[in-house]
Every structure is written in structure tokens, then in C-alpha cells.
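Per the numbering used here, the sequence shown starts with residue 5, numbered consecutively.
Glycine included, C-beta positions come from ideal geometry on N, C-alpha and C.
Quantities reported herein were computed from a predicted structural model and do not represent experimental measurements.
Some notes on the structure that comes next.
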Amino acid sequence: MKYLLIMIMLFSASSSLMLFDFDKNSDLSNWRVVDDVVMGGRSSGHFSLNEEGHAVFEGEVSLANNGGFSSVDYNFRKIQTSDYSKVVIRLKGDGKKYQFRLKADVYEYYSYAAEFDTSGEWEEVEIDFEDMYPTYRGRNLDKPKFDGKSMTQITFLIGNKKEQNFKLLLDKIELK
């Protein structure tokens, strides 16, 4: 019985689901940059792979024409996520604040978001599902927080209400 309990604890502690593990051969075709130009702004983001095989989300945020954000989305088939409680992202930022967003269902107009700071060094950022709040076009919504049951899209967004260059390197994104 004691052995069985140890095995169950080890299995549940190591249970994870890889959403994306970047390398030199990664297919970025399901990643899409969305800038404030969709509403008249002038920000510009780019998403590519570097020589080391890390994804690079970089560009410039502009406040011109009521702009102020750049984002990159990854769309995938709906997955059940109730066995997990957080997203773990290995990344290297530029010392700026970013948002991680997800959609539970492709038909929902809103996303769930959580902000995170970057240190300028390689690090693992952990975002608990229970900390993700509903938002739409920069406004928090009076809806329940993310229930953790499913997801179909993830997004990285920068929009700190100031003009700035940005660069975020991504190594892997997984659920734990």
C-alpha cells in the first residue's frame, strides 16, 4: 500500500502536457501576430525562430492612433486541461511586463489573462489557472475566473501604455 501511494504521488507530481517545445525545426504556422493595427494603431510585432531554436517575439509598441499593444496567438484543437493547474513557460524576457492569455473555447469572445514580469535572464514563469481573470479588449469582465477545464488558444501580449521596443524569447510552454 505504501509503495502504491508513492507511485501515485510521483505520477501526479510529474504529470505535464507540453503545449509547445521550440527547436530549430518548429512549425510556426499556427502562430499569428495580432497588433493594434486591427484598430488603427501603429505597433508592429514579429514572430520567428532564432539560430538556437528559440521563438522570438519582438517589435515595437506605438501609442499612435490610439494603439498600444502587440500580441502573438497560438491556435490548436481544444484540449481538456482539468488534470492541470498551471502553465509553466521557460522564457527570456527583456525586463518588461507581459500578459499570458488563453481561450477556453474558440467561440468565446474573451480571453483569460495573467500578467508576468521578466528579469532579462532565462527563467520559468508559472501562472496558476486560478489567477487568470476574464478580459476583452483591455477591460476586465464581470465573469468567473478561468475554470481550468479546457483551452484552445494561448497568447503572449505586451501593452504597457507606453511606447517601447520589446523582445521575448520562448523555449517551451507546458501545463502542470
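Enumerated in chain order, which unbroken segments of the beta strand (DSSP E) with a length of 3 residues or greater are wholly contained in the stretch 56-126?
-> The stretch 56-126 contains these whole beta strand (DSSP E) runs: 59-65, 74-84, 90-96, 101-107, 115-121.
Closest by C-alpha distance to phenylalanine 80, when choosing among Asp109, Glu56, Gly72 = Asp109
Hey, threonine 85 and serine 20: beta-carbon distance below 8 Å or not?
-> no
Buried/exposed call for phenylalanine 143, threshold 16 Cβ in 10 Å = The question names phenylalanine, yet the displayed sequence has arginine at residue 143. Exposed, since its Cβ has fewer than 16 Cβ neighbours within 10 Å.
Bridge partners - methionine 22, DSSP secondary structure assignment = Glu178
Beta-bridge pairing of valine 38 - partner residues as DSSP gives them = Paired residue(s): Ser75.
DSSP puts methionine 155 in a beta bridge; with which residues?
-> Ile83
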